[in-house]
Structure formats: structure tokens, C-alpha cells
Amino acid sequence: MYPVRRQISPHASRLRRDMTDVERAVWRALRNRQLEGFKFRRQATVGPFVVDFLCVEVAMVIEIDGGQHSEEADRARTGFLEARGLRVMRFWNSDVVDNFDGVIEAIRIALLKNEKKKTLTQPSPASGRGL
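Under my numbering, residues 183 to 313 are what the sequence shown spells out, in order.
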């Protein structure tokens, strides 16, 4: 598994500040352990990537893809993350807008299914601001 960096990169910090409306809506549903008690991090750094949402407890990444996404780049990114033990769920912005409750339900089911599987280890940061 690839360690998740607890230090917020400037890029991740900017992405947190500039979340899309769709990402913001999903975040409102995930934050504060609202979904079955699972903790999510937004715009978390994993290796060279910043993922939209990460649940460390079940090693799951949720990506919300807009029109700017390249299928080839997304495949490579997903391969990198999966090779390190992370399950990746991808949703198009339009899926979230058109079927918000269905997307959140799909995430909820995946969380419960993976609840007893692998978890990522999180060492305490030596210094700096954690996620």
C-alpha cells in the first residue's frame, strides 16, 4: 500500500478551496461521519495524486469526474491507486446531479461491503498540518 501523506500540499489546499458545486454536495453527505460513521478526507494526497475523497478505514477513494478528465489519465491513476490497495469509485458530475441519492447509496453499500477489509496505516506526521 502507498502511504497517504498527512501534510497538505499547496495543490491539495487549492483544490479544497476551489471545490466544484458537485464535489461540495458530495462532501456535505460524507463529512462528519454522516455516512454509516465512516470518516472521509477531502482532497487527500496519495502518492503523486490528490484524490477527491478518501476513506482510510476501508481504503476507498471516491472520484467525481467532470468534463476536464481524460479517460487515459484516469485509467493510469486508478491503476496506480488500486495497485496500492485502494478501491476506486468514479462518478461523473452528471451522475451526481441527476441521481444524487443513488450515488450516495452506491457509496454507502461499498463502504459496508469493504468495512472488514484492508485499512491504510497512518503514522503521525513529524510536523506540519495534518489532514
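Cβ coordinates follow ideal geometry from the N, Cα and C atoms, glycine included.
Look at the region 252-293 and you find these whole runs of alpha helix (DSSP H), each 4 residues long or longer: 253-265, 275-280.
Around Asn296, the same chain offers Val240, Ala241, Met242, Arg269 as residues with beta carbons nearer than 8 Å, after the five sequence neighbours per side are excluded. A straight-line Cα-Cα distance of about 14 Å links Gly219 and Ile286. Beta-bridge partners of Glu245 (DSSP): Arg272. In terms of Cβ geometry, Arg210 and Phe222 do not form a close pair [threshold 8 Å]. The alpha-carbon of Asp280 is positioned some 10 Å away from that of Trp274. The beta carbon of Cys237 sits closer than 6 Å to those of Phe220, Phe222, all from its chain and outside the five residues before and after it, given in chain order. In the structure shown, the three-state DSSP call for Leu217 is coil.
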